[in-house]
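For reference, the structure discussed in these notes is given below.
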Amino acid sequence: MKLDPLEEAVKLKKALQCQIYGQNLAIDAVVDSVKNRIVDPKETPKHIYFFLGPPATGKTYMSQVMAQNFEGYSFYETSMSDYQTHNDGQNLFGTDKGYGTESIGDLTGFVRENPKTVILIDEFEKAHTIVQRKFLPMLSAGYLIDALGWIPASLDEDEFDIFNSNDEDHKRRVTERITKVDFTQTIVVFTSNLGSSLYNNQDFLNSIDTDKYQAESMILQELAHEKKREANVEIPAIVPEMLSRLSQGKIVLFNKHSMKSLREIAADAFTKQLRELTSKYDLKFTYNSKSIPFIQSQLLCFAPEIDARRVKAKIYEQFADKLTNYLLKYNLSWKDVSKIEIIVSKNVMDYSKKNIASGMHDGSLLKYLFRKNMTLKLTDHVEKKGDSLIYFIDNIEFKKVEKVVDTVGDGSISFEVPKTSFGDIDGHIEQIERLKEIANLLKNPDQLKLFDAKIPKGMLLYGKPGTGKTMMAKAFANYADLPFIETTANDLMDFANNDYSMMKKVFQRAKDYAPSIIFIDEIDTFGNRNDTKSPAAINELLTQINGFSDETEDNVFIIAATNYKEKIDEAILRAGRIELQVEVPVLDKVGRKAFMKKILKRPTSNDIDIEKLVMYTSGMTGAELEKAVNESSLYAIRNNLKQLTQEIVIEQINIEKYGKKVLSESQKNSLSSTAFHEAGHAVISNALMSKLKIEQVTITPRENALGFVSFNLENANANMSKKDMESQICIAFAGRMAQMKKYGDDACDTGAISDLDMATKLAYKMIAYYGMDKELGFISLQSVTLSDIQKSVIDSKVVLLLERLKGVTQALIDQNWKSITRVANVLLSQEVIHEEQLDKIMTQKMVS
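Letter by letter, the sequence shown follows residues 1 to 848 of the UniProt record's numbering.
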């Protein structure tokens, strides 16, 4: 007897509630569509459902249960992940004779044989656009066309060879095959995992309960903006005409599973399989109150990310495996057992009560384990006492999963709370304090609420390569105790193909772990929107940032890093985006000293002078220091030395800063000229800028210089006066001019190129940027496009300034020639002069 819609709805609801957990709203939506149907449609399927929600929430299982409870209905399931090319639809809708391998379609053939079918079209968005459009006639007119079709029932194709017959009428009738398949009695369920960003949006989640039509509108709007790539072109994930048809059916929204529903799924799956075991072997099993921590402990072993499908498949298996292993070990079988017992120790009960019970109740434990990459580790064993097989859980404890690679689509994301702490960072005291202040806002947002301020969305760390920006970011995440996703701009964006699908996946995953941190290194790679390659990438990045919630529990904080702050599009750094900026400079004296003290932990000689090493390392980054110290150790190992000496470490520092020593015959012949060149720099520097300390002067040729004067810039003033700039130009000229005073015009070689380049650029800036020319006045033309006349005027001023300072330098060379000669002779004798020795050599008062 056929049930009326209300009776059918009651029956279906009862069945769904018994087998589907945590999806009451979805159940109600399906049941409502059944009870409210008065007349079956004549030109569309009986029911059209669009199941939407995160993966593993029961969409497929609900479809199966529906098929079991609609009287006389079969079940057909297909995944659209198998139909991602334009020809794949032939498997569903048939192949005609023109292809040589003609066949009836799987879907059309099944429905022709089974008109009453619940059809599950899983992950519809993954189907190729052409395949998607093939379903339109089914939704709009209630039929699909099979490409091959069937011979009319009145004819038997085997009895008549149409290719050899002369009967044209019979041939026409046979070739007019039946191709239209009626779908009006089917119940069609389309599923999709799209719109995942909404499932972390609290407004959307609230609307599911309070205003389902508003929720439907939100999800449909989100689906309309979802994209995918076909033939390397970005297109809508679901073709608009198909999405329009689906929106007219019954939209059924599935929630993420709560801890309560996961526990119900686990208990149901475990009980069913245990019942099969006890029934098959006539075993007894007592289910008492202690089963609650038992089920919880078994379920939490699947953390940090608990998947309902995996729980259903494995929850009993991991328990049964322990029992069967015991039986095999002692050559026993189930015939030797009459009872199965589970004993949970007091330690487990106490731990569960203290650390699990409340979190299971309010759902907080599920997110906590997920974000912290933690799982439950249990200590258990099996014993046989008499005819009872006993499973003991002795202890349970939450443990961190050290490293998790989260596979997302075709890419993978590594996420964790980093182990690096601020205590691992040498120096950068001011920067660390600033980062702690910001991290404390994320940890304790009540201060922001008090002043009605919003949580910052991002911070930029900028500075030279090797200054420790990545290390700083990791330490920040460690201090804030937040999951940290490390990536680069190139990881997020395929610039060549304008593909930012990975960016979407990373940002979505960060929302799943929220509150969390995304670290984007080399963010300057996105460039500026004036660049030809960058607009789409930057716009997508801004869209993702703007999509972050302002709620504390859903906050995603971005830390970006760059060596080239000036290359970043200004829109990225605006308020409400990556608005906080912290410079990470090279290590200061305190930081370098702390770093160099680590050398003392290695075998070292008594001549190691940490203060001197600190002086020689001015301007070096942490990465450069690390390399210099490591190379020192490797040098000692290669040469079978038992200790590191001061000389070894200084040489490795010089190699890192200036390159390896190189000495050809031609360079040997020019050492005298180089000695006077470097002596000129050193002596005139001492005469004009005595506060600028010299670390060393050397004529040892290296990869980056024939010789050099190394200055300690620790306390150098970044705000230079006109006199300071003129002095620097004179010091730059002093090298070549000392050479030429000693050896004449023949000493005018290419070795001074960097000196002349620096002097010319500095003179140009004095006139064109800093307004230091009396006639031109206080002007700055740095951002002005100059006319040819203006360029000519400035160039002439630069030449005049350089000529004047050349005369000043020549006078200083003449006045301090004896000191220059003394320094040059010592350099020729020992190749390098350090700070203390240089001070002693230049005992005679310098003329300035």
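Glycine included, C-beta positions come from ideal geometry on N, C-alpha and C.
Nearest neighbour of residue 147, chosen from 768, 108, 132 [CA to CA]: The candidate whose alpha carbon is nearest that of residue 147 is 108.
Anticipated Cβ contact below 8 Å, residue 393 with residue 296, distance rounded: For residue 393 against residue 296, the beta-carbon gap comes to about 11 Å, at or over 8 Å, which does not count as contact.
Proximity of residue 740 and residue 732 at Cβ, strictly below 9 Å: The answer is no: Cβ separation not under 9 Å.
Residues near residue 432 by beta carbon distance below 6 Å, same chain, minus five either side: Short of 6 Å from the beta carbon of residue 432, and not among the five residues preceding or following it, lie these beta carbons of its own chain, in chain order: 422.
Three-way DSSP call (helix, strand, coil) for residue 278 in this model: Correct three-state label for residue 278: helix.
Under the three-state DSSP convention, the category residue 19 falls into: Three-state DSSP puts residue 19 in a helix.
Through-space distance from residue 41 to residue 279, alpha-carbon basis: In this structure, the straight-line span from the alpha carbon of residue 279 to that of residue 41 is close to 46 Å.
Coil, strand or helix - residue 903 by DSSP: The structure shown has nothing for residue 903, since the chain only spans 1 to 848.
Residue of 559, 538, 54, 452 minimising C-alpha distance to residue 252: Of the candidates 559, 538, 54, 452, the one whose C-alpha sits nearest the C-alpha of residue 252 is 54.
For residue 571 and residue 592, the rounded distance between their alpha carbons: Between residue 592 and residue 571, the alpha-carbon positions lie close to 36 Å from each other.
CB of residue 480 within 9 Å of CB of residue 505, strictly: Residue 480 is not a Cβ neighbour of residue 505, given a cutoff of 9 Å.
Inter-residue CB distance, residue 337 and residue 389 (contact presumed, cutoff 8 Å): That belief holds up - the Cβ atoms of residue 337 and residue 389 are roughly 5 Å apart, short of 8 Å.
Reference residue 758; option with closest CA among 725, 784, 258, 749: For residue 758, the closest alpha carbon among the candidates 725, 784, 258, 749 is that of 725.
Beta-bridge partners of residue 697, as assigned by DSSP: Bridge partners of residue 697: 709, 833.
Delimiting residues of the alpha helix (DSSP H) encompassing residue 673: Looking at the DSSP string, the run of the alpha helix (DSSP H) that includes residue 673 is 671-688.
Residue 561 - partner residues in DSSP beta bridges: Beta-bridge partners of residue 561 (DSSP): 461.
Chain-order list of residues whose beta-carbon lies under 8 Å from that of residue 646 (same chain, five-residue window excluded): Answer for residue 646: 605, 607, 608, 609, 612, 613, listed in chain order.
Contact between the region 256-273 and the region 321-337 (3+ Cβ pairs under 8 Å): Touching, no.
Cβ contact check for the region 496-503 and the region 556-568: 3 or more pairs under 8 Å: Short answer: they don't touch.
Segment contact, 8 Å Cβ cut-off, at least three pairs: the region 671-679 with the region 698-705: Yes: at least three Cβ pairs fall under 8 Å.
Reference residue 199, options 255, 181, 223, 239, closest by Cα: Taking only the C-alpha atoms, the option nearest residue 199 is 255.
Distance between residue 152 and residue 172 (C-alpha atoms, nearest Å): Note that residue 172 has pLDDT 49, beneath the 50 cutoff, so the model's placement of it is unreliable and the number below is only indicative. Distance between the alpha carbons of residue 172 and residue 152 is about 12 Å.
For residue 850, the three-state DSSP class (helix, strand or coil): It is not possible to answer for residue 850, since the shown part of the chain is limited to 1 through 848.
Cα-Cα separation, residue 658 to residue 705: One alpha carbon belongs to residue 658, the other to residue 705, and they sit about 7 Å apart.
Paired residues, beta bridge with residue 79 - DSSP: Residue 79 pairs with 122.
Residues bridged to residue 858 [DSSP beta-bridge criterion]: Coverage of the chain is limited to positions 1 through 848, which leaves residue 858 absent and any answer about it impossible.
Distance, residue 484 Cα to residue 475 Cα: Separation of residue 475 and residue 484 (C-alpha to C-alpha, rounded to the nearest whole angstrom) is 10 Å.
Neighbour-count burial assignment, residue 58, 16 or more Cβ in a 10 Å radius: Buried is the label assigned to residue 58, since at least 16 other Cβ atoms lie within 10 Å of its Cβ.
Assigned secondary structure, residue 158 (DSSP; H/G/I helix, E/B strand, else coil): Summary for residue 158: the model assigns pLDDT 49, below 50, so the residue's position carries little reliability, and this model does not support an answer.
Residue 74 - partner residues in DSSP beta bridges: Answer by DSSP bridge pairing, in chain order: 117.
Exposure of residue 161, with buried meaning 16 or more beta-carbon neighbours within 10 Å: For residue 161, the predicted model reports a pLDDT of 49, less than 50, meaning its position is unreliable; a value from the coordinates is still stated below. Around the beta carbon of residue 161, fewer than 16 other beta carbons sit within 10 angstroms, so the residue counts as exposed.
Coil, strand or helix - residue 41 by DSSP: Coil, per DSSP.
Close Cβ partners of residue 581 (< 6 Å) along its chain, the five nearest in sequence each way excluded: Cβ-Cβ distances below 6 Å link residue 581 to 460 in the same chain, with the five nearest sequence neighbours on each side left out; the list follows chain order.
Nearest candidate by alpha-carbon position, reference residue 710, set 683, 640, 721: Looking at the Cα atoms, 683 is the closest of the given residues.
Residue 411 versus residue 486: straight-line alpha-carbon distance, rounded: Only weak support is given to the placement of residue 411: the predicted model assigns it a pLDDT of 49, under 50, and the question is left unresolved by the model.
Alpha-carbon spacing of residue 50 relative to residue 192, whole angstroms: The straight-line gap separating the alpha-carbon atoms of residue 50 and residue 192 is approximately 8 Å.
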